[in-house]
Structure formats: structure tokens, C-alpha cells
Amino acid sequence: MRYILFFLTGILLAACSDDTSSLPANRKMIRLSMSTRGIYDFATYIRDLQIFAFKQDTKGEYVFYDKLADLNEQEIRELEEGKSPGTTYTESKLLDTELEIGKYRFYFVGNARAESGGILQEGITRPSDVWLNYPETGLSLPYFLGQTETAVGEVIETVAVELHHVVSRLFIKIDGVPLEIDTIRMSVKNIDRRITLEGEYSEPGDAPAEVFIVKNEKPHQQVTALFDLYIFPSAGETSEIELVFHARNGEERTKLVPVELLPDRYVNLFATVNSSYGALLSFEFTCVYFFAFDWQNIVWPDFPLIPQK
């Protein structure tokens, strides 16, 4: 009887041993720990998430190995949580994955669909062959990217990565819009419209126009027009905001405002229309803008940056 009990105990202990012992010798488990800057939880900022693994080949180049995850918001929320890497970061989200031994680069894409112009080909497709496009209808959520590399070897390890904004945010407030103006059409010229997994921008172009409809219910009433959008960074040194003021009598007046749009930066532009009743074509337009280097808890500087005319 003692021998039977001893035999059963041995079976039980073997069943409770680490699951990684059943992995093939050339495969190991690795844990990815993901976070981003913010005061809310990770899934509030990142509603869907793609994770790609590129493995170093014999030539030292990184080529597509596997798509490790394609998660929606609910699936992201259900991931195991880890500690926050700092006071200005969200809690970490943890994902365990099994990989062959080797050196890898991992790419993380948030709120966007990565494209490659075709099927991702194992051992062929490179990170520069995969990109994010600026959608024709504009952005409803900011895009995030993250990148890290590690060697999957003999020990189980945790690899941390920060996902960061790869877009700019532009807020425009126009005060003193007079009764004569019917609509304001706003568009941004000279932005990049493509970004690769490695964070390289290209394909200069324009953002789609947005229209603010002026609703004046009282004579001589002035209103405030607001635009708030996520946008890709400037192509080159500067972009140009085009504001077209369309009058109810069919006349138009265009104002151009230079602005530098940078990744992960918030630009706030305050503008004022100074006009007298019935003087649409002679109104004055002045503006100042501010840069913020943190999208959370923004405090605008005391000294505005005045664009050159």
C-alpha cells in the first residue's frame, strides 16, 4: 500500500510542475508587459491591439515571424494586469506567448489596422513593409505604436514596452464669428499620411476638410467655432491650417495659419475674428497657439507662440 501511495504522489507532483516543462527544447515562454502614459486604464486609450513578431535571420535582418495577437477592447480588458511602471503611466497589461529560441523585435499597434499591401509572408516581410495609413475620413482615435527587442533564450523573462502616440492633436477655437458667416471649412495641408511599424513617416498630403456650421439665432450675435482632431505630423518642418469663411451672401475669405505638428504633441490654437457688422471682407483675424508635451493634466504656458505672418 505504501508503494501505491508513493506512486500516486509522484504522479500528482508531476502534474503540478511548471507547464513550460512540456515545451520543446527550442521553444520558450516569454511575457510581454505593455503600458502607456495616462491617468486612466490601458484599455481606455487603446481599444484594439495588434502585436507582431519579427525574427532575426542568418543575415542579421528582421523578417516576419508571426502575428502574436489581434485583440479588441474587451479582450484587452481581460488580460492579466501588472504593476504600473511609473506614476504617469497606466497599469501594465500582460500577455504570455511561446516562441522559438532566437532574437526578436516586437511591434505593437494600437487603434489602427496595419497594412502590408498583401499577405504577411513569414521569413520575407520586413517591418518597413508594414504601415499605417491616414484614413480618408480622418482619425476618430489616436494611433499608438510600441517597439522592443529581446533574445528568447534559456530563462523565462518579462519584456516591458511603452506604447506612445504617433499622431498630433490639434484643437482650434475661433471666437467672435459674426452673423454674416454661414460656415467655416477647416483643412490642414502638408501632413504625412503613412507611418511604418518602425515609425518612419512618408506620403505627404492633406487632411480631409471639416466644416463648422454657424448657427446664429439672434441679430448681431457672435458665436465660437471649435475644431478638435487627431492628425498625422507635418511633412517637413511645417503644415498649414486653411480656414475658409463662407458668407451667407456667397462671399468667401481664406486665412492660412502655419503650424508645426509633431508626434505625441498637443497643439491648441486660439483665434479671434474682429469685424464690424456688414464688413465681412475687411474682418481681421488674429491667433496664438500653444504646444503641450503631455496630453494629460495640460497647463498652458504664460507666453503664447505667435505664428509668423
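Okay, so the sequence shown: first residue is 34 according to our numbering, each after it adds one.
Virtual Cβ for every residue (Gly too), placed ideally from N, Cα, C.
Review point. Is there contact here, the stretch 188 to 196 with the stretch 258 to 268, by at least three beta-carbon pairs under 8 Å?
Key: no
Check your understanding: Leaving out the 5 sequence neighbours to the left and right, which residues in its chain are closer than 8 Å to Thr-271 when beta-carbon positions are compared?
Key -> Asn-223, Pro-291, Val-292, Glu-293
Point to revise | Environment of Gly-171 [buried if 16+ CB atoms lie within 10 Å] | key: exposed
**Study point:** Start and end residues, beta strand (DSSP E) containing Tyr-167
**Key:** That residue, Tyr-167, is in no beta strand (DSSP E); it is neither H nor E in DSSP.
Review point. With respect to the beta strand (DSSP E) encompassing Thr-77, which residues constitute its N-terminal and C-terminal limits?
Key: Element bounds for Thr-77: not the beta strand (DSSP E) but the alpha helix (DSSP H), 75 to 78.
Review point. If we ignore side chains and look at the alpha-carbon of each, how far apart do Lys-126 and Phe-139 end up?
Key: 15 Å
Check your understanding: Leaving out five residues before and five after Glu-113 in sequence, what residues of the same chain have Cβ atoms less than 6 Å from its Cβ?
Key -> Leu-127
Review point. What three-state label does DSSP hand Pro-160 in the structure shown?
Key: helix
Check your understanding: What separation, rounded to the nearest whole angstrom, lies between the Cα atoms of Val-306 and Ile-217?
Key -> 12 Å
Review point. When DSSP labels each residue in this structure, what does Gln-255 get in the three-state scheme?
Key: coil
Review point. When you compare each of Glu-94, Leu-65, Thr-120, Tyr-95 to Ala-102 by their alpha carbons, which one comes out closest?
Key: Leu-65
Practice item. For Ala-370, count neighbouring Cβ atoms within 10 angstroms of its own Cβ and tell me buried if that reaches 16, exposed if not. Key: As displayed, the chain neither begins before 34 nor continues past 342, which places residue 370 out of reach and without an answer.
**Study point:** Option in Ile-246, Asp-225, Pro-57, His-279 with minimal Cα separation from Glu-236
**Key:** Asp-225
Review point. Among Thr-319, Lys-248, Lys-288, Arg-146, which one has its Cα closest to the Cα of Phe-85?
Key: Arg-146
Check your understanding: Relative to the C-alpha of Lys-88, which residue among Glu-155, Glu-195, Ser-201, Val-210 is closest?
Key -> Glu-155
Check your understanding: Of all the beta strand (DSSP E) runs that stay within the bounds of the stretch 168 to 226, which reach a length of 3 or more residues?
Key -> 177 to 185, 190 to 198, 201 to 210, 214 to 222
Review point. Ala-184: buried (16+ other C-beta within 10 angstroms of its C-beta) or exposed?
Key: exposed
Practice item. Pick out the complete beta strand (DSSP E) segments inside the stretch 81 to 114, 3 residues or longer, and give them in chain order. Key: 82 to 89, 95 to 104
Practice item. Report yes if the C-beta distance between Ile-109 and Leu-82 is below 8 Å; otherwise report no. Key: yes
Point to revise | Beta-carbon separation (whole angstroms), Thr-257 vs Lys-206, contact threshold 8 Å | key: 6 Å
Exercise for review: Pick helix, strand or coil for Ala-280, following the three-state DSSP scheme.
Suggested key: strand
Practice item. State buried or exposed for Glu-169, treating a residue as buried only when at least 16 other CB atoms are found within 10 Å of its CB. Key: exposed
Review point. Helix or strand or just coil, what does DSSP make of Ile-246?
Key: strand
Point to revise | Rounded straight-line distance, which links the Cα of Pro-241 to that of Ile-134 | key: 46 Å
Review point. Relative to the C-alpha of Tyr-95, which residue among Glu-233, Glu-182, Asp-208, Leu-203 is closest?
Key: Glu-182
Exercise for review: Determine the closest residue to His-198 out of Tyr-98, Asp-297, Asp-162, Arg-70, with distance taken between C-alpha atoms.
Suggested key: Asp-297
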